[in-house]
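Below is one structure; the comments refer to it alone.
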Amino acid sequence: MIKNIVIIGAGNLATQLALVLTEKGIPVKQIFSRNLDSARELAEKTGAAFTNNLSQLLPEVDLYLIAVKDSAIQEVLENLSLDENRMIVHTAGSVPMNILDGFSGNYGVFYPLQTFSKNRKIDFSDIPICIEANHPARLMELQELGEKLSGSVHQINSDDRKILHLAALFANNFVNHFYSIGERLLQDKKLNFDLLKPLIRETAEKIESLPPSDAQTGPAKRNDQTIINTHLKMLHDQPELQKIYRLMSESIFQFHQNQKHDLL
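Shown next as structure tokens:
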């Protein structure tokens, strides 16, 4: 059973995990960040100790949870000096579990599938938490830990988790970027982004009852070249947006053409 945790990191995900673990009565004993002020700030919110030195991590802890950017995981591991029986997990969607092999005899992955921001409190109760471990007993411990935070815990291996992470990028990061583009287009005409929010909400809510492919609307699906060409002309002074618009319109049209053929 995991009774106490050290969190390595103080960014968006590390912050939200530290807060929810504390809220659920699972002691976060220490926070590490290379930025001592960031470590101190998060530690003050959770009652934890803090450090910016990996050699000063507390030794008698059940779980070391690495929640740093993907490119920093290897560096963290190479500078850890822990008892080889201590359990280490990372929280990355696209990094395989076996990156931890050789640094501990007990390791795994604890990946909450959600977008996180430091200063926006989030409800973990329905966030999918994807877990993996190198031993059945460790997997059970991560399952129990996950269930204290969420009602949606899933055992997913590294290969499948990579696909899940890729799908999440399309469904979240890319979509949010399109929100930013829409906001900028409106700002150029002094229009308020709030005008789009009911549309965004309905689009998101619709997939609770419809498959995304059935919910698709718009000129690209209809192959309405009159509207498409009008929009492209409106973007004549923004060639990068023209390129994105053309590519996305073609992708939508071809996707639904192929879907029709699959049904024949």
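For the sequence shown, this note's numbering assigns the number 1 to the initial residue and increments by one for each residue that follows.
Every residue gets a Cβ at the ideal spot worked out from N, C-alpha and C, and that includes glycine.
Owing to the predicted nature of the structure, the values given are computational and were not obtained by experimental measurement.
{"Asked": "Please state whether DSSP places Ala215 in a helix, a strand or coil.", "Found": "helix"}
{"Asked": "Which same chain residues end up closer than 8 Å to Ala39 when comparing Cβ atoms and leaving out the 5 residues on each side of it in sequence?", "Found": "Ala10, Ile31, Phe32, Ser33, Phe50, Thr51, Asn52"}
{"Asked": "To the nearest angstrom, report how far apart Leu113 and Ile127 are at their CA atoms.", "Found": "6 Å"}
{"Asked": "Assuming Leu82 contacts Ser104 under a Cβ cut-off of 8 Å, what Cβ separation, rounded to an integer in Å, is found between them?", "Found": "7 Å"}
{"Asked": "Answer yes or no: do Ile274 and Leu65 have a C-beta to C-beta separation smaller than 7 Å?", "Found": "Residue 274 is absent from the structure shown; the chain starts at 1 and stops at 264."}
{"Asked": "Closest to Ser152 by C-alpha separation, out of Asp159, Leu142, Ser158, would be which residue?", "Found": "Leu142"}
{"Asked": "Going by beta carbon distance, what residues of the same chain come within less than 6 Å of Lys3, once the five residues before and after it are set aside?", "Found": "Asp62"}
{"Asked": "With burial defined as no fewer than 16 other Cβ atoms inside 10 Å of the residue's Cβ, what is the status of Met248: buried or exposed?", "Found": "exposed"}
{"Asked": "Run through the DSSP bridge pairs and tell me what Pro112 is partnered with.", "Found": "Ile129"}
{"Asked": "Short of 8 Å in beta carbon distance, which residues of its chain neighbour Ala215, apart from the five on each side in sequence? Order them along the chain.", "Found": "Thr203, Lys206, Ile207"}
{"Asked": "Can you list, in chain order, the residues of its chain with a C-beta nearer than 6 Å to that of Lys148? Leave out the 5 residues immediately preceding and following it.", "Found": "Lys24"}
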